[in-house]
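Take a look at the structure set out below.
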Amino acid sequence: MRGAYITLERTLRERVGPVEVERTQNPKFGDFTTNAPFKLARERRQPPPKIAQEMAESVEPHLKGRFSLSVAGGYINFRMEDEALGGWTDEVARGRWESLFPKSGVRILVEFISANPTGPLNVANARAGAVGDSIVRILKLLGYDAESEYYVNDAGMQIVNLGLSILHFIAPDKFPMPEDGYRGDYVRELAREFVSEAAPLLAKGPTQLSLTEAEEFGRKVAHRILQLQKETLRRYGIHYDNFVHESWIRKSEYPERTYAILRRMNLLYFQDGHGEISHEVPPSLSDLYDGGTYRYPGWALYFKSTLYGDDKDRVVVRSNGQPTYFFWDAAYHLYKLLRGYEYIYDIFGPDHHGYIPRMKAVMRAFMEATGREATYDVIIAGQVNLYEEGRRVRMSKRAGRIYTLDDLMDEVGKDAVRFFMLLRAPQTELNFDLTLAKKAVKENPVFYTQYAHARIRSLLDYAEANGAEPQPMGAPLGEERDVAALVQYLPYYLIKTVPLNLREGVFASMGLPSTSGTTGQFSPNLLVDYLIELAHTYHRFYQNNRIVGAPRQGQRLTLSEAVMHTVKLGLNALGVEAPDRMD
RNA sequence: GCGCCCGUAGCUCAGUAGGAUAGAGCGUCGGUCUCCGGAACCGAAGGUCGGGGGUUCAAGUCCCCCCGGGCGCGCCA
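All residue numbers for the first sequence refer to the numbering used here, where the first residue is 808 and numbers rise by one.
Right under this line is the structure:
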């Protein structure tokens, strides 16, 4: 059972080709509409009304009994026939949204949050997490084989610093706090857990301690912090398919392969502090070193990312021989590419958009070199501002006032956090009203939407206790039609949530022609808006119409059930629960 | 200075390959309960879509310039 929208899309694509169908803005134009005749007018050298007329005639016989058509200027408007609408509603009421879209087998990887394992997850991570996880959930509903991934930066100087910070708190006199140390309360608390493990290092003292030893110790601490982060993630309702550790990437074959690819494509060169350039780059990464020492001190190794659209070339190995974060990240992305995904998405925080061009550059280089094609794109999760009692909650790391994701969930609950984080388009700035999120009133859209579900659950119990049973819908009457029609928009909004190329993929997986759209953004906020509207329409219907005891009680129970399933499916796609009661 | 995001009702925001009279929620004002959850519902007022040019049969949407706000511009991660 695929519902009205899919039926319509499918028929139009089969009969007249790939045209775009939209929900009408005004109900007087029917339920769905297309402006395809306008778009074809130039190419066909015919007036839009004429094209509309022809299209309508060719498609009408195939929609008989399900949609009535009307041509208005260059538009074709479609109205769901009431009997068909009733039939679709019956299906939904039986929970038949399950098989919405066929499995396409197309593999998609979405990486998100990937917070440094040096502290608790924060509010920005909460946004990226809500966006990333709901995108994965929605892609799965659309039939894609989507995976979520978390990259753990458990290597490098920050991990050394983490280890040294812990040592400092255990033995403040012996170990000074490093320059870029971690001072939060959580570090102080963690230090207590590591007292015995730190003993051998403490005995050595700061001067005898090697960088490697400090990093190894820091990694143990990082993995402990990761455990705590995973705890938070579970509470937040996010399940990851994969965790990939930077420490593993560093030891893997991918750094050498990255180097080899970039070198083979002539994308590497040395530059010293005076701007001298040398293109004599040794054949392998390990050739840069002799034992443990760098053979080109004073010379940094650059990647010609400008050849792929970046605004400057990027250092991959510093003049002291240390590869940069970017280099390891490139190696990690090579690993992603070689795993064979057709779409690879990264979700970055708002402070990382300057990083996008170089990632896209290196990915393009990889694709050229390996012949593997994938769509790589970055989604920015915008900044979050917290407000309480109308005032901005200032977060300052220095003052120790960091608002963690756990704090947020303690404050307003997991469902409210997730819902509010998805209220706006991913890349935009978001104002999070803590006071509102806590309220159990209609002004709070989470409660409002969940309440629709709980209200129906309660109604169905009442109906059962009073011997009222659902009946086939038939043709919906009066306000019933508004509700039934809105239920049918679910697939439309699910598809609207993903970029155009992925929408096309959904149609392609149904064997339908593609328009090869390539632009567009992920917009789970559209699904959020839809659910609020559906809840609103149902609340109105419920308010104005008696259900149990009314002449059409059986039909109205069916309609209510259909709404219940739809709200639940939608909320779950956002990672939000659909509770049976609101107490 | 350069780059990215943003500017739409008093507030927070939709408007996604340009398309029908620019929508919603909150707030404000005024209403609704003999009844299944009032944690709800209905109605009204409220707009030069930051400003100016341009492209188009058609611009909130595309292009150029300007104004305002946020973020980013390391051999940090």
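We put the CB at the ideal spot given by N, CA and C, even for glycine.
Just so you know, these numbers come straight off a predicted model, no measurement behind them.
(request) Count the CB pairs spanning the segment 978-995 and the segment 1150-1162 that are closer than 8 Å, and state whether there are at least three. (result) Touching, no, given that fewer than three Cβ pairs across the two stretches are closer than 8 Å.
(request) Could you check which residue in Ile-1056, Glu-1175, Gly-1161, Tyr-1096 has the C-alpha nearest to that of Leu-1114? (result) The residue you call residue 1114 lines up with position 307 of the first sequence. The candidate whose alpha carbon is nearest that of Leu-1114 is Glu-1175.
(message) Applying the 10 Å Cβ sphere with the 16-neighbour rule, what's the burial state of Gln-1034?
(response) Residue 1034 sits at position 227 when you count from the first residue of the first sequence. Result: exposed.
(message) Quick check on Tyr-958: does DSSP put it in helix, strand or coil?
(response) Counting from 1 along the first sequence, the entry for residue 958 is found at position 151. Strand.
(request) Within its chain, find whatever has a CB closer than 6 Å to the CB of Arg-914; leave out the 5 residues flanking it on each side and keep chain order. (result) Reading the first sequence from its first residue, position 107 is the one you call residue 914. The beta carbon of Arg-914 sits closer than 6 Å to the beta carbons of Asp-952, Tyr-1148, Glu-1149 from its chain, once the five residues preceding and following it are set aside; these are given in chain order.
(request) Whole angstroms is fine: what's the gap from Val-930's alpha carbon to Asp-961's? (result) Residue mapping note: residue 930 aligns to position 123 of the first sequence, counting from 1. Residue mapping note: residue 961 aligns to position 154 of the first sequence, counting from 1. Straight-line Cα distance between these residues: approximately 21 Å.
(request) Report yes if the CB atom of Leu-1212 is closer than 8 Å to the CB atom of Leu-997, and no otherwise. (result) Position 405 of the first sequence, counted from the first residue, corresponds to residue 1212. Position 190 of the first sequence, counted from the first residue, corresponds to residue 997. No, Cβ-Cβ distance for Leu-1212 and Leu-997 is not below 8 Å.
(request) Figure out for me which residue from Val-1122, Arg-1146, Asn-1251 has the closest Cα to the Cα of Trp-1106. (result) Walking along the first sequence from the start, residue 1106 turns up at place 299. The alpha carbon of Trp-1106 has as its nearest neighbour, out of Val-1122, Arg-1146, Asn-1251, the alpha carbon of Val-1122.
(request) Alpha carbon to alpha carbon, how far is Phe-1077 from Tyr-1109? Give it in angstroms, no decimals. (result) Taking the first sequence and counting its residues from 1, the one referred to as residue 1109 is at position 302. Taking the first sequence and counting its residues from 1, the one referred to as residue 1077 is at position 270. Roughly 6 Å separates the two Cα atoms.
(request) With a 10 Å radius around its C-beta and 16 neighbouring C-beta atoms as the bar for buried, classify Ile-1032 as buried or exposed. (result) To locate residue 1032, count along the first sequence from 1; it is residue 225. It is buried - the Cβ of Ile-1032 has at least 16 other Cβ atoms within 10 Å.
(request) Assign Pro-856 to one of three DSSP states: helix, strand, or coil. (result) For the purposes of this step, residue 856 is identified with residue 49 of the first sequence, where counting begins at 1. Secondary structure of Pro-856 (DSSP, three-state): helix.
(message) So, with DSSP's three-state summary, where would you put His-1081?
(response) Looking up residue 1081 in the first sequence gives position 274. DSSP, read as helix, strand or coil, puts His-1081 in coil.
(message) What does the Cβ neighbour count give for Lys-799, buried or exposed, with the cut at 16 atoms within 10 Å?
(response) No answer is possible for residue 799: it lies beyond the span of the chain, which begins at 808 and ends at 1390.
(request) Taking Pro-1386 as the reference, give the member of Phe-1329, Val-1370, Arg-1262, Gly-1285 with the closest Cα. (result) Looking up residue 1386 in the first sequence gives position 579. Comparing alpha carbon positions, the residue from Phe-1329, Val-1370, Arg-1262, Gly-1285 closest to Pro-1386 is Arg-1262.
(message) Among Phe-1254, Glu-850, Gly-1382, whose alpha-carbon lies nearest the alpha-carbon of His-1399?
(response) Because the chain spans 808 through 1390 in this model, residue 1399 falls outside it and cannot be assessed.
(message) Rounded to the nearest angstrom, what separates Pro-979 and Glu-1053 at their Cα positions?
(response) Working through the first sequence from its first residue, we reach residue 979 at position 172. Working through the first sequence from its first residue, we reach residue 1053 at position 246. Pro-979 and Glu-1053: Cα-Cα distance of roughly 30 Å.
(request) Rounded to whole angstroms, what's the CA-CA distance from Leu-1307 to Phe-1329? Just pull it up for me. (result) Counting from 1 along the first sequence, the entry for residue 1307 is found at position 500. Counting from 1 along the first sequence, the entry for residue 1329 is found at position 522. Distance between the alpha carbons of Leu-1307 and Phe-1329 is about 9 Å.
(request) Under 8 Å by Cβ, that's how I've got Ala-1418 and Val-1185 pegged, so tell me the actual separation to the nearest angstrom. (result) Residue 1418 lies beyond the stretch modelled for the chain, which goes from 808 to 1390, so this question has no answer here.
(message) Report the start-end ranges of each alpha helix (DSSP H) in the segment 1084-1162 that is 4 residues or longer and not cut off at the edges.
(response) Qualifying alpha helix (DSSP H) stretches, in chain order: 1132-1145.
(message) To the nearest angstrom, how far is the alpha carbon of Gly-824 from that of Ala-935?
(response) Translated into positions along the first sequence, residue 824 becomes position 17. Translated into positions along the first sequence, residue 935 becomes position 128. In this structure, the straight-line span from the alpha carbon of Gly-824 to that of Ala-935 is close to 37 Å.
(message) So the candidates are Asn-1379, Arg-1179, Tyr-1300; which of them puts its Cα closest to the Cα of Thr-1256?
(response) The residue given as residue 1256 occupies position 449 in the first sequence. Checking every option, the nearest Cα to that of Thr-1256 belongs to Asn-1379.
(message) Using 8 Å for Cβ pairs, my map puts Leu-1341 next to Thr-1373. What's the rounded Cβ distance?
(response) Taking the first sequence and counting its residues from 1, the one referred to as residue 1341 is at position 534. Taking the first sequence and counting its residues from 1, the one referred to as residue 1373 is at position 566. At roughly 6 Å, the Cβ-Cβ gap stays under 8 Å, so Leu-1341 and Thr-1373 are in contact.
(request) Evaluate Thr-1242 with the Cβ neighbour count: other Cβ atoms within 10 Å of its Cβ, from every protein chain shown; 16 or more gives buried, anything less gives exposed. (result) Within the first sequence, numbered from 1, the residue matching residue 1242 stands at position 435. Thr-1242 is exposed by the Cβ-count criterion.
(request) May I have a chain-ordered list of the beta strand (DSSP E) segments no shorter than 3 residues that lie completely inside the segment 912-936? (result) Runs found: 914-918.
(request) Look at the alpha carbon of Arg-817 and the alpha carbon of Phe-885, and state the distance between them as a whole number of angstroms. (result) The residue labelled residue 817 in the question sits at position 10 within the first sequence. The residue labelled residue 885 in the question sits at position 78 within the first sequence. Each residue's CA atom was taken as its position, placing Arg-817 and Phe-885 some 14 Å apart.
(message) Mapping the DSSP letters down to three states, classify Arg-1205 as helix, strand or coil.
(response) As a working mapping, residue 1205 is identified with position 398 in the first sequence. Because the pLDDT of Arg-1205 is 49, which lies under 50, any placement of that residue in the model is unreliable, and the number read from its coordinates should be weighed accordingly. Three-state result, Arg-1205: coil.
(request) Following the continuous beta strand (DSSP E) through Asn-1238, name the residue where it begins and the one where it ends. (result) The count along the first sequence starts at 1 and reaches residue 1238 at position 431. It spans 1237-1240 - the beta strand (DSSP E) in which Asn-1238 sits, taken as one unbroken run.
(request) Below 7 Å CB to CB, which residues in the same chain sit around Ser-875 once its five sequence neighbours on both sides are set aside? (result) In the first sequence, counting from the first residue as 1, residue 875 sits at position 68. Shown here for Ser-875: same chain residues with a beta carbon closer than 7 Å to its own, the five before and five after excluded, namely Arg-886, Glu-888 in chain order.
(request) Look up Asp-952 in the DSSP assignment and say whether it is helix, strand or coil. (result) Counting from one through the first sequence, the residue named residue 952 turns up at place 145. It is a strand residue.
(message) Going by the DSSP bridge assignment, what does Ala-879 pair with across the sheet?
(response) By 1-based counting over the first sequence, the position of residue 879 is 72. Paired residue(s): Tyr-882.
(message) Nearest by alpha-carbon distance to Thr-831: which of Tyr-1299, Pro-1331, Gly-1327, Ser-972 is it?
(response) Stepping through the first sequence from its first residue, residue 831 is reached at position 24. Of the candidates Tyr-1299, Pro-1331, Gly-1327, Ser-972, Tyr-1299 places its Cα closest to the Cα of Thr-831.
(message) If you reduce the DSSP assignment to three classes, tell me which class Asp-1213 lands in.
(response) Counting from one through the first sequence, the residue named residue 1213 turns up at place 406. Asp-1213 falls in the helix class under three-state DSSP.
(message) Buried or exposed for Pro-983, going by 16 or more other Cβ atoms inside 10 Å?
(response) Walking along the first sequence from the start, residue 983 turns up at place 176. Result: exposed.
(request) Could you please give me the residues that DSSP links to Thr-1182 through a beta bridge? (result) Locating residue 1182 in the first sequence gives position 375, counting from the first residue. Answer is Tyr-1150, bridged to Thr-1182.
(message) My parser needs the alpha helix (DSSP H) runs of 4 or more residues fully inside the segment 1017-1079; what are they?
(response) If we require 4 residues or more, the alpha helix (DSSP H) runs fully inside the segment 1017-1079 come out as 1018-1042, 1053-1058, 1061-1071.
(message) Only counting the same chain, and skipping five residues up and downstream in sequence, which positions put a Cβ closer than 6 Å to that of Met-1389?
(response) On the first sequence, residue 1389 is found 582 positions in, with the first residue counted as 1. Correct list, in chain order: Tyr-1258, Ala-1261.
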